[in-house]
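For reference, the structure is listed below as structure tokens.
Numbering (our numbering), first residue to last: 26 to 174.
What follows is the structure in structure tokens.
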């Protein structure tokens with residue numbers, strides 16, 4: 026069961042239903058791309074895995090849990106992001122609960138979004154349950170947004 030403090034926190038699912046209709050962002054929605062001022066998406070320089078990792082993290086921050094108005098990176102659902110020199114990405118993530126309604130679709134969405142980052146050649150997403158997610162994993166910004174602080 027989801028943590029009701031999250032689903033019904035300030036700006037939670039009920040507010041989203043009022044503001045966007047059903048409160049659910051379609052999982053097949055086209056993901057945004059990192060763009061330069063001229064609108065052309067480009068890959069970081071070859072071998073610059075730090076810049077590529079940052080681009081992947083920025084893309085992960087565009088993925089939101091449909092019931093919680095905070096992105097999965099700020100929620101603390103992303104445990105690890107690794108990028109090798111060949112552009113192969115590995116993301117280790119969890120969900121708020123194994124019974125999460127998006128347990129089957131969220132890893133695929135993460136894979137699609139990360140794969141859309143220029144310079145990423147392949148993506149591996151590993152969904153783990155240990156250690157379990159707790160609200161303590163949220164960033165300060167997420168806690169503030171959800172009324173935890």
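C-beta: ideal position from N, C-alpha, C; glycine also.
Note that the structure is a prediction, hence the values are computed from the model and not measured.
Beta-bridge partners of residue 4, as assigned by DSSP: Examination of residue 4 is not possible in this model, given that the chain is present from 26 through 174 alone.
Coil, strand or helix - residue 142 by DSSP: Taking the chain shown and counting its residues from 1, one reaches residue 142 at position 117. In this structure, residue 142 counts as coil in the three-state DSSP scheme.
Rounded straight-line distance, which links the Cα of residue 110 to that of residue 46: Locating residue 46 in the chain shown gives position 21, where the first residue counts as 1. Locating residue 110 in the chain shown gives position 85, where the first residue counts as 1. For residue 46, the predicted model reports a pLDDT of 36, less than 50, meaning its position is unreliable and no value from the coordinates is stated.
Rounded distance between the beta-carbons of residue 154 and residue 123, thought under 8 Å: Numbered from its first residue, the chain shown carries residue 123 at position 98. Numbered from its first residue, the chain shown carries residue 154 at position 129. About 6 Å; that satisfies the 8 Å criterion.
Given 8 Å, three or more beta-carbon pairs between the region 105-121 and the region 133-147: Touching, yes, given that three or more Cβ pairs across the two stretches are closer than 8 Å.
Short Cβ contact (8 Å threshold) for residue 102 with residue 158: If you number the chain shown from 1, residue 102 lands on position 77. If you number the chain shown from 1, residue 158 lands on position 133. A Cβ-Cβ contact shorter than 8 Å links residue 102 with residue 158.
Contacting residues, own chain, Cβ-Cβ under 6 Å from residue 150 (five flanking each side not counted): As a working note, residue 150 is residue 125 in the chain shown. Here the set comprises 116, 132, 135 and 136.
Expected contact under 8 Å - CB spacing of residue 166 and residue 99 to nearest Å: Sequence index remark: in the chain shown, residue 166 carries index 141 (1-based). Sequence index remark: in the chain shown, residue 99 carries index 74 (1-based). So it is a contact: roughly 6 Å between Cβ atoms.
Proximity to residue 88 [Cα-Cα], best of 107, 108, 77 and 141: Walking along the chain shown from the start, residue 88 turns up at place 63. Nearest C-alpha to residue 88: 141.
Nearest-angstrom Cα separation, counted from residue 76 out to residue 90: Against the chain shown, residue 90 aligns to sequence position 65. Against the chain shown, residue 76 aligns to sequence position 51. Residue 90 and residue 76 have their alpha carbons spaced roughly 25 Å apart.
Identity of the residue in 169, 106, 93 and 120 nearest residue 139 by Cα: Position 114 of the chain shown, counted from the start, is the residue given in the question as residue 139. Considering only alpha carbons, the answer is 106.
Paired residues, beta bridge with residue 89 - DSSP: Looking up residue 89 in the chain shown gives position 64. According to DSSP, residue 89 bridges with 96.
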